[in-house]
Structure formats: structure tokens, C-alpha cells
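Numbering (my numbering), first residue to last: 31 to 362.
From the three backbone atoms N, C-alpha and C, an ideal C-beta is built for every residue, glycine too.
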């Protein structure tokens, strides 16, 4: 039997691999003596042939797992030899699992390989993809993430408010590795009580600064009093003027990208596809989409130029940076 697990969602594919190993131990090899895991990066064909040819010890079958062969092995012969092994169809006593992560992510690495190696990699991939037990693990969309979270909370005996679940999905996106860690922390903190939105806001680690979205919201809504207060609060909290400016520039750059994309493709474009098209965090896309209604593309370009001018002035003049920020607010 040949099993092929692959795709960018390595959390779910790893979980599937773990399930298969546990099932093999439970049903075939309770002692776990017939399981071998081989690193594809340094795999030698004689090593694989030895594992396949070895008779199972006190069990009916052996389980051989090969990890990241296509993504990482640069050998000119190994993939051709594996194709030959698969063609022999001589795996009656062996369950052979090929595990690969995000192969698209590794395409840049293939540039340095010879055309022959890349072609053989593709041939092996095509062969494995056609297997009956081939399973692809795409990144989950927004709805998929929420369903996954709801199921995980239930399976772990916890409870979560709908608002808290949505907030957690927005904060972390479809990185199930981080979501899993955050969920463990939230469940431990909440004990047997329901996870609340306030708890998510308090505990969940995110690289995103909500204060910047509040500030750009205020600028977009022309709430000058609030915008000046938020700038003052940020500077008084200890953040440097250059760091604050970098964050504001970052968000206006996002606004420009999203606004330009919407103007070209229409505002009905699914937000989850924007995440991948523009390479932005789902939470950033959601907040930025909300803010685009306050700006025209021309207005955003004008503000962006003003921000670059402030950056130059902070670095080259003695003008108080807070005055420059206040002037930005007043002008817009």
C-alpha cells in the first residue's frame, strides 16, 4: 500500500500521519517495532530497499515513512530509482507513506536544481498523486478555520463564545500550528468555563497592532481629535516616532494595495482570496477592507507621499515629530 500526504496545511497532514501511525500500532504492530521513518533529504536507495525487503518482526506488515523527499532531495538518481520500485508493485508486506509539506513554497529551491532532477521530481509527484490513498491538505479558508476551531474546542471538552471564536480566527488566520497553541492556552486559562472574547484579546499573541487600525480608522473618518489623541498615546507609551511612522506607513501601503486591487477586480472579490493574492494576514485584510470605503485611491497616494515626507523630515530636521504627525492629521 502507498499513501501520499501533501499540501501547505502541514498541521493537518501531520495529524493525519500521526493517526495512521497510531492505527498501525493498534491494529498491526502493538510493540511498534516495525515502523521506520526516513528523512528524504539524505535518503539512499539501498537504505529504502533494505527497509522494504526486511520481513516484518512479529507482525503482518511494516510501516515505512519517507518525509520531504520531493522537496529536499537533490539526488539525480534517487527519484528515478523510487519510481522503479513503485513500478514493481512489490509492497505486499509494506505500507509506504510519502509525506510532503508545501511543495509550492519549495519551488524557488528547484531553480538551482538541474532540469533532469526537476522533471523526475514532477514524475514522482504525478505518480504519487494518482495513488488511491493520496490526500491533499490545502490551507483552510475563513469558514474552514472556524469549523476546525469549533470542532477542536468540543473535542477537548471546552466551550467558546461565537464572538471569541471569530476573533481568534481573525487574529491568527489559517496558521493551525499557532491556533493549536493559542487554543491550548485559552482552554487552560478558562478551565471549565466558556472562552470569552475578552480573554482572546487579553491572551492571544498577534503580530498585529490594533492601535494602528484605530488610528487609521480615525484618519479615514476624519476624526481629527481622536487621531491626535491616539498618536499622543502611542508616543507617550514609549514607542519611538520612527517606529510609529513605520506602522502607519505599513497600513497605508496595505490600503493602497487593497484599494487598487478592488478598483481593478471589483469589490465582490472574496476576502480569503485577497489574503493569498496580496500576501496579507486575514485580520489585516478584514480591517483594511473596512477602511477602504473612507478613501479614494488618489487620496491614499497623497497621504502616502505625505508620510514619506514626514519620514525624511524626522531623519533630517530638528522639527518635533509630534508636530509633524499633528500636521498630517490636520491636512487630511
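Going straight from the alpha carbon of residue i to that of residue j, what length do you get?
| i | j | result |
| --- | --- | --- |
| residue 350 | residue 341 | 12 Å |
| residue 108 | residue 39 | 26 Å |
| residue 321 | residue 250 | 7 Å |
| residue 293 | residue 198 | 30 Å |
| residue 163 | residue 258 | 59 Å |
| residue 347 | residue 332 | 22 Å |
| residue 261 | residue 129 | 49 Å |
| residue 243 | residue 170 | 25 Å |
| residue 268 | residue 218 | 32 Å |
| residue 187 | residue 179 | 12 Å |
| residue 234 | residue 270 | 24 Å |
Would you grab the beta carbon distance between residue i and residue j for me? Rounded to a whole angstrom, and I think it's under 8 Å.
| i | j | result |
| --- | --- | --- |
| residue 334 | residue 282 | 5 Å |
| residue 32 | residue 51 | The pair is not a contact, with the Cβ atoms about 16 Å apart (cut-off 8 Å). |
| residue 89 | residue 59 | 4 Å |
| residue 127 | residue 47 | 7 Å |
| residue 119 | residue 91 | So it is not a contact: roughly 16 Å between Cβ atoms. |
| residue 344 | residue 272 | 6 Å |
| residue 77 | residue 68 | 7 Å |
By Cβ distance below 6 Å, which residues in the same chain neighbour residue i in space, the five residues on each side in sequence not counted?
| i | result |
| --- | --- |
| residue 165 | 35 |
| residue 311 | 203 |
| residue 226 | 191 and 194 |
Just to confirm my understanding: we take residue i, look at its own chain, exclude 5 residues before and 5 after, and list those with CB closer than 8 Å. What are they?
| i | result |
| --- | --- |
| residue 246 | 278, 281, 282, 285 and 321 |
| residue 176 | 195, 196 and 199 |
| residue 327 | 286, 289, 290 and 293 |
| residue 161 | 32, 33 and 34 |
| residue 86 | 59, 64, 92 and 123 |
| residue 337 | 275, 278, 279, 282 and 358 |
Excluding sequence positions up to five away, which residues of its chain have a Cβ less than 7 Å from the Cβ of residue i?
| i | result |
| --- | --- |
| residue 254 | 359 and 360 |
| residue 71 | 98, 102 and 103 |
| residue 62 | 55 |
| residue 362 | 249 and 333 |
Please name the residue in the options whose C-alpha comes closest to that of residue i.
| i | options | result |
| --- | --- | --- |
| residue 155 | 57, 276, 116 and 47 | 116 |
| residue 355 | 275, 131, 188 and 67 | 275 |
| residue 181 | 201, 206 and 131 | 206 |
| residue 190 | 316, 96 and 212 | 212 |
| residue 304 | 172, 266, 76 and 80 | 172 |
| residue 151 | 184, 220, 112 and 121 | 112 |
| residue 240 | 216, 317, 352 and 68 | 317 |
| residue 325 | 252, 353, 174 and 75 | 252 |
| residue 131 | 319, 168, 157 and 79 | 168 |
| residue 79 | 45, 53, 121 and 193 | 121 |
| residue 209 | 220, 221, 256 and 183 | 183 |
| residue 114 | 232, 158 and 231 | 158 |
| residue 125 | 73, 95 and 153 | 95 |
| residue 297 | 308, 313, 314 and 323 | 323 |
Within 10 angstroms of the Cβ of residue i, are there 16 or more other Cβ atoms? Answer buried if so, exposed if not.
| i | result |
| --- | --- |
| residue 264 | buried |
| residue 43 | buried |
| residue 248 | buried |
| residue 145 | Any reading at residue 145 must be qualified, since the residue scores a pLDDT of 46, below 50, and its modelled position is unreliable; the value itself is stated next. With fewer than 16 Cβ atoms within 10 Å of its Cβ, residue 145 is classed as exposed. |
| residue 353 | exposed |
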